[in-house]
Amino acid sequence: MSEIVLLVGTRKGCFVLRSDAERRDWTADGPFCEGWPVYDTAYDPDSRVIYAAAASDWHGAGVWRSADLGSTWELSSAGLSYGDGGLRLSKVSGLTVAHGRVLAGAEAAGVFASDDGGVTWSLLSTLDGQPGRDAWNDPDRQPPGHLGLPAVLAHPDEPSRFWAVVQGFGIFETTDDGASWTPRNRGLRADWPLEDPAVGYCVHKLVMSPVDHDRLYQQNHCGVHRSDDAGRSWVEITEGLPTDFGFAAGAHPHDRDTFYVVPLDPGHGRCMPEGRAAVWRTRDAGATWRRLDDGLPGSNAHLGVLREGLAVDDLDVPGVYVGTSTGQLFASADEGDSWREIASYLPAISSVEVAVVA
Amino acid sequence: MAELHLPATLPPLHPGLPRRLDVDARTVREAIDRLDGEWPGLRDRLCEPGPVLRRHINVFVDRSPAGLETALDATSRVDVIAAISGG
Numbered sequence: 034m035s036e037i038v039l040l041v042g043t044r045k046g047c048f049v050l051r052s053d054a055e056r057r058d059w060t061a062d063g064p065f066c067e068g069w070p071v072y073d074t075a076y077d078p079d080s081r082v083i084y085a086a087a088a089s090d091w092h093g094a095g096v097w098r099s100a101d102l103g104s105t106w107e108l109s110s111a112g113l114s115y116g117d118g119g120l121r122l123s124k125v126s127g128l129t130v131a132h133g134r135v136l137a138g139a140e141a142a143g144v145f146a147s148d149d150g151g152v153t154w155s156l157l158s159t160l161d162g163q164p165g166r167d168a169w170n171d172p173d174r175q176p177p178g179h180l181g182l183p184a185v186l187a188h189p190d191e192p193s194r195f196w197a198v199v200q201g202f203g204i205f206e207t208t209d210d211g212a213s214w215t216p217r218n219r220g221l222r223a224d225w226p227l228e229d230p231a232v233g234y235c236v237h238k239l240v241m242s243p244v245d246h247d248r249l250y251q252q253n254h255c256g257v258h259r260s261d262d263a264g265r266s267w268v269e270i271t272e273g274l275p276t277d278f279g280f281a282a283g284a285h286p287h288d289r290d291t292f293y294v295v296p297l298d299p300g301h302g303r304c305m306p307e308g309r310a311a312v313w314r315t316r317d318a319g320a321t322w323r324r325l326d327d328g329l330p331g332s333n334a335h336l337g338v339l340r341e342g343l344a345v346d347d348l349d350v351p352g353v354y355v356g357t358s359t360g361q362l363f364a365s366a367d368e369g370d371s372w373r374e375i376a377s378y379l380p381a382i383s384s385v386e387v388a389v390v391a
Numbered sequence: 018m019a020e021l022h023l024p025a026t027l028p029p030l031h032p033g034l035p036r037r038l039d040v041d042a043r044t045v046r047e048a049i050d051r052l053d054g055e056w057p058g059l060r061d062r063l064c065e066p067g068p069v070l071r072r073h074i075n076v077f078v079d080r081s082p083a084g085l086e087t088a089l090d091a092t093s094r095v096d097v098i099a100a101i102s103g104g
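Taken in order, these protein sequences are the chains called A and B. Residues in the first sequence are numbered consecutively from 34, following my numbering. Residues in the second sequence are numbered consecutively from 18, following my numbering.
Given below as structure tokens:
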């Protein structure tokens, strides 16, 4: 019997929620990680280890790991450092498990890897020589959020191939484990002047279809975009959505044409438009969009969802999970058609991850 | 042996680490190194590369503000204080 485990990273630690395959009744445990702000979590189905990227205002950054689904945790920052050079690591902002190792994206922008289950880390790349690198490491030009390199998207079949997102600059692909990189932002939109058209794009969330590894989607600061050639080119698919802005996104596990976003007001408020909560879904690769709000609050719901705040499980009828920056957690057991609030008073949610544990 | 007092936020990160302990060290830096030897990773919780003390970690030796190179003797009291900040 499968157990569904939700890993919820918050401003005050990590929480673990559990349910069965019905996904109706949930239990919650936490906070874990000593209440440190958690920016992202990951689950390794092979080792059954949970990882949580965290940074304390007092004690620095590290990655917590739990080998017993959250009962006990250990912290390590061994190797998570740029040493005495010019860069300073303030946080690990993204975690990815692939091919027997853990990849971490950090601020300042860099990719670290752990081959021993998060016990020790080593620096893989700081994207030296890439266009924009001097600017993104300039302390005077740091964007709000200060995430550096918030995401690494691993290729499921090619261990040395992955994509890194640099906040405010865009996507870079490596096929040689970080030794060399290529910007992958062609076709994206930027509503500001660019010094170099290869970079300068604000990619909020990048996802890959699990059934077609050339099919990528992204929620960008400027619109929603799709790629059919693994990021070599992008087409905008925003039309039909209420705004072009949002942070979170998720791919359907079984259908390459189905994709989820949470549109937000593009001003500084960055909440769901008109105070009416909704997730939006396309089933035709972005040609049309459907508003999903059955069970979500329909008035006075000024909710925000951050870039790691949406997750999709891989059951036959997938569940969709959305955590808000005001601590509500919503779940759908029917691909987003209907929703229930499964936690109401968590701390501000940074990330939601779902694992189906056999 | 210097008498070391640690903030309450540290022992939960390092099983077996007490709030108060005696350390044989000639400087604050050496005291932290000794602790890191027994509780690996503790230096990272107090120091950034350099090493320098983290921005929100303060050290006092015999009630006076101190740094990593501040000298200790057998009667020194060392207080490691996490800044009163946050929300």
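Ideal Cβ positions, reconstructed from N, Cα and C, are used throughout, including at glycine.
Would you please verify whether the beta carbon of H92 of chain A is less than 8 Å from any beta carbon of chain B?
yes
Rounded to a whole number of angstroms, what is the C-alpha to C-alpha distance between A48 of chain B and H73 of chain B?
19 Å
So which of B:R62, B:P32, B:P68 has the shortest CA-CA distance to E86 of chain B?
B:P68
Beta-carbon of T11 of chain B versus every beta-carbon of chain A: anything under 8 Å?
Since the first residue shown for chain B is 18 and the last is 104, residue 11 of chain B is missing from the structure and cannot be characterised.
Looking at the unbroken beta strand (DSSP E) that takes in I375 of chain A, where does it start and where does it end?
373-376
Within chain A, the residues that E65 of chain B reaches when beta carbons sit closer than 8 Å
G93, R121
Where does the unbroken beta strand (DSSP E) through E107 of chain A begin, and where does it stop?
107-109
Starting from D167 of chain A, follow the alpha helix (DSSP H) in both directions and report where the run begins and ends.
166-169
If we ignore side chains and look at the alpha-carbon of each, how far apart do E374 of chain A and V78 of chain B end up?
52 Å
Short CB-CB distance (under 8 Å) between E368 of chain A and chain B:
no
Between which two residues does the alpha helix (DSSP H) carrying L52 of chain B extend?
45-55
Between the segment 97-114 of chain A and chain B, which residues of the former have CB atoms less than 7 Å from a CB of the latter, in chain order?
L108, S109, S110, A111, S114
At which residues does the beta strand (DSSP E) containing L128 of chain A begin and terminate?
124-131
Is the shortest distance between the beta-carbon of D117 of chain A and the beta-carbons of chain B less than 8 Å?
yes
Collapsed DSSP secondary structure at G68 of chain A in the structure displayed:
helix
By the DSSP assignment, the beta strand (DSSP E) with L63 of chain B in it spans what residues?
Here L63 of chain B belongs to no beta strand (DSSP E); instead the alpha helix (DSSP H) covers 59-63.
Less than 8 Å between the CB atoms is what I'm expecting for A85 of chain A and G143 of chain A, so what's the real figure, rounded?
The pair is not a contact, with the Cβ atoms about 19 Å apart (cut-off 8 Å).
Along the segment 84-104 of chain B, where does the CB come closer than 9 Å to a CB of chain A? Name the residues.
A99, A100, S102, G103
Local Cβ density within 10 Å of P351 of chain A, reported as buried at 16 or more and exposed below that
buried
Suppose the cutoff is 6 Å on Cβ atoms and the five residues either side in sequence are ignored; what does the same chain contact list for D210 of chain A look like?
S193
For the beta strand (DSSP E) that Q251 of chain A lies in, which residues bound it at each end?
245-253
Backbone secondary structure at P216 of chain A - three-state DSSP
strand
Is the segment 298-311 of chain A in contact with the segment 226-242 of chain A, if contact means three or more CB pairs nearer than 8 Å?
no
Is there a C-beta anywhere in chain B that falls below 8 Å from the one on E67 of chain A?
yes
Any beta-carbon of chain A closer than 8 Å to the one on P35 of chain B?
no
With DSSP run on the structure shown, which of helix, strand or coil describes P189 of chain A?
coil
Mark E368 of chain A as exposed unless 16 or more other C-beta atoms lie within 10 angstroms of its C-beta, in which case mark it buried.
buried
Identify the contact partners of R46 of chain B in chain A, using a Cβ-Cβ distance below 8 Å as the criterion.
The premise fails here: R46 of chain B is roughly 15 Å from chain A at the closest Cβ pair, so nothing lies under 8 Å.
With a threshold of 8 Å, are at least 3 pairs of Cβ atoms found where one atom belongs to the segment 161-181 of chain A and the other to the segment 100-108 of chain A?
no
Given S266 of chain A, which residues of its chain have a CB within under 7 Å of its CB, disregarding the five upstream and five downstream residues?
R219, G220, S260
Rounding to the nearest angstrom, what Cα-Cα distance links N253 of chain A and F278 of chain A in this structure?
7 Å
Note down, in chain order, every chain A residue with its Cβ under 8 Å from the Cβ of L30 of chain B.
E67, H92, L108
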